[in-house]
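Asks: Have a look at this one before I ask anything.
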Amino acid sequence: MPKTYTIDASGKILGRLATEVAIFLRGKNQADFLPYKLSNNKVMVFNIAKLLVTGKKSENKEYIRHSGYLGGIKSIKFKDAFKNNPNDVFKKAVYRMLPKNKLRDKMIKNLKLYAEEIKDQKVVQGGQKIEKD
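Going letter by letter, the sequence shown gives residues 19 to 151 in the numbering used here.
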């Protein structure tokens, strides 16, 4: 039975929330979990622009990629990437926490991200759905 989880990210820590979302996407919170089966869980996360990171990660953390060509290394600081597009930063954190198999791309399609507030949604706090006031 498909479930939709709506989570408010304001004031939460990036990695801890990404772990929680990855568990929901895999379906490990359900009794009928099978590692080779795609769960029907959908997750909506809003207020991503209000996420926090601990320590000095905002100044020191870098995302590095390489094009495969000589001199093709590209890097961007966390604070710049988060300022430009906080949804991509959070999606990358969740994507890297999912298992590296054929289901990963299908699981990440069940994740919807919003950088700002959304109205009239049910909110999950501590695994419980509650109505947002």
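Using N, Cα and C, we set each Cβ at its ideal position, and we do this for glycine too.
No experiment lies behind these values; they were computed from the predicted model shown.
Take the Cβ of Pro117 as the centre, count every other Cβ of all protein chains shown within 10 Å, and call the residue buried at 16 or more, exposed below.
Replies: Against the sequence shown, residue 117 aligns to sequence position 99. Its Cβ having fewer than 16 others within 10 Å, Pro117 is exposed.
Asks: Do you know whose CA, among Thr72, Lys130 and Asn47, lies nearest Tyr113's CA?
Replies: Stepping through the sequence shown from its first residue, residue 113 is reached at position 95. It is Lys130.
Asks: On the three-state DSSP scale, how would you describe Ile66?
Replies: Counting from one through the sequence shown, the residue named residue 66 turns up at place 48. Helix.
Asks: On the premise that Leu32 lies in contact with Ala111, defined as a C-beta separation below 8 angstroms, what is that separation, rounded to the nearest angstrom?
Replies: Taking the sequence shown and counting its residues from 1, the one referred to as residue 111 is at position 93. Taking the sequence shown and counting its residues from 1, the one referred to as residue 32 is at position 14. At roughly 6 angstroms, the Cβ-Cβ gap stays under 8 angstroms, so Ala111 and Leu32 are in contact.
Asks: Looking at C-beta atoms only, is the number of pairs between the segment 60-67 and the segment 20-32 that lie closer than 8 angstroms three or more?
Replies: At 8 angstroms Cβ cutoff, the stretches touch.
Asks: Where does Arg83 land, buried or exposed, given buried means 16+ other C-beta within 10 angstroms?
Replies: What you label residue 83 is simply residue 65 of the sequence shown in a count that begins at 1. Burial call: exposed.
Asks: Could you name the residues of the same chain whose beta carbon sits closer than 7 angstroms to that of Lys75, not counting the 5 residues immediately before and after it, in chain order?
Replies: Against the sequence shown, residue 75 aligns to sequence position 57. Same-chain partners within the cutoff: Phe96.
Asks: Who pairs with Glu80 in a beta bridge, going by DSSP?
Replies: Residue 80 sits at position 62 when you count from the first residue of the sequence shown. Answer is Lys95, bridged to Glu80.
Asks: Short of 6 angstroms in beta carbon distance, which residues of its chain neighbour Val107, apart from the five on each side in sequence? Order them along the chain.
Replies: The residue labelled residue 107 in the question sits at position 89 within the sequence shown. Hits under 6 angstroms: Ala99 and Phe100.
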